[in-house]
Amino acid sequence: MNPSFSANPLTDLHQLLQYPFMVNALEAGTIVAVIAALVGWFVVLRRESFVCHTLSVMSFPGASGAALAGLPLASGYFVFAVGGALAIAFGSRVSGRRSAMQESAVVGTVGAVALGLGFLFLSLYGGILESVETLLFGSFVGITRGQVETLFIVALLAGAVLATVGRPLFYASVDEQAARADGVPVRALSIVFLVLLGMAVAAIAQIVGVLLTFALLVAPAATAQLLTDRLRLSLALAVALAVLETWAALTLSYFTNEALGFCVTTIALVLYACARASRELRR
Amino acid sequence: MSLVAALRGAAVAHGAATVWSGVDIELTAGEFVGILGPNGAGKSTFLEVLLGLQGLREGSASVLGAPPGERRERIGYLPQRRSFDASVRVRGRDLVALGLDGTRWGTPMPGTFGRRRAAARARIDAVIAEVGAGAFANRPIGECSGGEQQRLLIAQALARSPDLLLLDEPLDSLDLPNQASVSALVQRLCREDGITVALVAHDVNPLLSYLDRVIYFARGRALSGTPAEVITTEKLSALYGAGVEVLRRSDGRLVVVGQPDMPAHHHGHDH
Ligand SMILES: Nc1ncnc2c1ncn2[C@@H]1O[C@H](COP(=O)(O)OP(=O)(O)OP(=O)(O)O)[C@@H](O)[C@H]1O
Ligand SMILES: [Mg+2]
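Protein chains in written order, with our numbering: chain A, -16 to 266; chain B, 226 to 496.
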């Protein structure tokens, strides 16, 4: 492979799509971007960014645990992210209500335990994980057909769950007290959402890497919510931003050899900063 | 006159602590009732009982002809002290819409323009106009003032055209002119739409001229009656166990002074 960037976008695109691994990467990236934007939109609304970051850290014990047990990496990602989500969901409730203080304590603890377990598994495993850098910052080179298919199924599942609970979840997210009094199963919804978030994080972390998953989940949604206060428009905008950012990052990553996660984060943060600046200026 | 809600010999406890007991209260159709009393007296708890969110330890309750909780869709409720900070980027009208269909499963899909959708939109426009929130309903709720937020939240509680409206401290954090205009608005809903309203407040004075009846909670008991019956120096002093004085102004209006719990002393901290 000898990437060279030309001034003609069509030539560049043609060059990109010549390689099957690049096609896989584009497909996986697109799927992941769509889930990230949809789930992230609710994360921003629910102010659960910290939870989101902690769940992405779960991928570290996930990856090292899977290596130790000789299982595929993806299974470790999913088991640990969903397990972490459940621990947070059940640990951070005080007499049935969401308690911000308890939640941040539990989330912090889960994050610390995750790091500890990750190192424990790593030392038990004895070897070096194939590529720690890939684990942390993501790579698109090794994405297989099977991975793309798994991601697609996860996305369908996540989409179906969100389509079913969307409205009451929105109610519970912006106005928990009224929703609870109105008979919305607030607690059950928050557990469902955390599990969904765990699944999304596990899917995203495989592509973007553990450390930068957070950026793809939160930044496009936060940017969209800054740009418009119309609900459906901001949801659509979040998806569009996430997909475009991922495509741009894949292209950039291909031509510059920088890690994919780094490229996604940089682009996402620049756009977020622009949105913030334009809002501040409009005031 | 038809009975909208009734408690008979009711007692409520949180854990081992009894909040109030021996309470007999009736709400009749179309009346505007003020629920008063000091902090922690159990005013919010009373509304939670009517909603079926809080069970009784003794006695019985019925709401709209059924046990509490069964007629939930015919009750509008404004929970106590909600506010939205400036970062909440959700428009007031989207919040009002949640009062109409927020509990329904599913997700509103773009491009569904059915008759139900049009009816919902018309209903939301109507309640927004009713509470006078048209000018700010399309702004993010976090950017609305406390009084504007309160109006939008009342619209949310009204969205399903309830028969019974339970408002927990809707006057909290409003200035005096706004307290008067929200009180007048609620009274109009009572008179024109025949909605029964129970409104919790700390200070009876701004409300006094609008209320049909008052229910005082204090020291584990409740006292109910028309303002003229209940709001007397003797009754209130006995209920509070402290010197409360009821004065009659030159225009005939009553003024209660020396309530142990006047907002001016108590509420400085949470604004
Ligand atoms: N979830 C709860 N668990 C335990 N005790 C509670 C709970 N909710 C309320 N209480 C207690 O019940 C009593 C009545 O509370 P309630 O909220 O009904 O008072 P209130 O009259 O509405 O007060 P305020 O004016 O401060 O709103 C208080 O003593 C309170 O401490
Ligand atoms: Mg209260």
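Cβ coordinates follow ideal geometry from the N, Cα and C atoms, glycine included.
- For residue 460 (chain B), the CB stays at least 7 Å from every heavy atom of ligand 2.
- In this structure, the beta-carbon distance from residue 62 (chain A) to residue 119 (chain A) does not fall below 8 Å.
- Taking C-beta atoms as the reference points, residue 428 (chain B) and residue 257 (chain B) fail to come closer than 8 Å.
- Contact of residue 328 (chain B) with chain A is assigned, a C-beta pair being separated by under 8 Å.
- Identification of chain B residues near residue 166 (chain A) by a Cβ-Cβ cut-off of 8 Å yields 297, 328, ordered along the chain.
- At least one C-beta of chain A is nearer than 8 Å to the C-beta of residue 365 (chain B).
- Shown here, residue 431 (chain B) sits in coil according to DSSP, grouped into three states, outside any helix or strand.
- With contacts defined as CB atoms closer than 8 Å, residue 23 (chain A) and residue 45 (chain A) fail to qualify as a contacting pair.
- Taking C-beta atoms as the reference points, residue 315 (chain B) and residue 250 (chain B) fail to come closer than 8 Å.
- Contact between residue 378 (chain B) and residue 303 (chain B) holds, since their C-beta atoms are separated by about 5 Å, short of 8 Å.
- Taking 8 Å as the cut-off, the Cβ atoms of residue 420 (chain B) and residue 395 (chain B) do not count as close.
- Shown here is that no member of the stretch 242 to 269 of chain B has a Cβ falling below 7 Å from a Cβ of chain A.
- Apart from sequence neighbours up to five positions away, the residues of its chain that approach residue 283 (chain B) with a beta-carbon distance below 8 Å are 234, 235, 236, 246, ordered along the chain.
- In this structure residue 301 (chain B) touches residue 383 (chain B) by the C-beta definition: roughly 5 Å separates them, less than 8 Å.
- Cβ-Cβ distances below 8 Å link residue 104 (chain A) to 44, 47, 48, 50, 51 in the same chain, with the five nearest sequence neighbours on each side left out; the list follows chain order.
- Burial is judged here by how many other beta carbons sit within 10 angstroms of a residue's own beta carbon; residue 227 (chain B) has fewer than 16 and is exposed.
- About 15 Å separates the beta carbon of residue 238 (chain B) from that of residue 442 (chain B), a gap too long to meet the 8 Å contact definition.
- Contact between residue 123 (chain A) and residue 233 (chain A) holds, since their C-beta atoms are separated by about 6 Å, short of 8 Å.
- Residue 21 (chain A) and residue 297 (chain B) have their C-alpha atoms spaced approximately 32 Å apart.
- No residue range can be given for residue 356 (chain B), since it is assigned to no alpha helix (DSSP H) and is classified by DSSP as neither H nor E.
- Residues whose Cβ lies closer than 7 Å to any heavy atom of ligand 2, listed in chain order: B:268, B:269, B:305, B:393, B:394, B:425.
- Beyond the five residues adjoining it in sequence on each side, residue 422 (chain B) comes within less than 6 Å, by CB distance, of 257, 390, 411, 415 in the same chain, given in chain order.
- Taking C-alpha positions only, residue 465 (chain B) is separated from residue 148 (chain A) by approximately 47 Å.
- DSSP lists B:237 as the bridge partner or partners of residue 245 (chain B).
- In this model, residue 204 (chain A) and residue 157 (chain A) are separated by some 15 Å (Cα to Cα).
- For residue 147 (chain A), the C-beta contacts it makes with chain B under 9 Å involve 330, 331, 332, in order along the chain.
- Counting C-beta pairs closer than 8 Å gives three or more between the stretch 249 to 263 of chain A and the stretch 194 to 213 of chain A, which meets the contact rule.
- Between residue 266 (chain A) and chain B, the shortest Cβ-Cβ separation is not below 8 Å.
- Distances taken from the Cβ of residue 277 (chain B) to the heavy atoms of ligand 1 include none shorter than 7 Å.
- Annotated three-state conformation of residue 402 (chain B) is helix, per DSSP.
- Comparing alpha-carbon positions, the option among A:201, A:168, A:188, A:199 lying closest to residue 40 (chain A) turns out to be A:188.
- Contact of residue 214 (chain A) with chain B is assigned, a C-beta pair being separated by under 8 Å.
- For residue 161 (chain A), the closest Cβ of chain B is nearer than 8 Å.
- The alpha-carbon of residue 18 (chain A) is positioned some 12 Å away from that of residue 224 (chain A).
- Residues of chain A whose Cβ lies closer than 9 Å to the Cβ of residue 381 (chain B) are, in chain order, 158, 161.
- In this structure, residue 424 (chain B) lies near residue 392 (chain B), with their beta-carbon atoms less than 8 Å apart.
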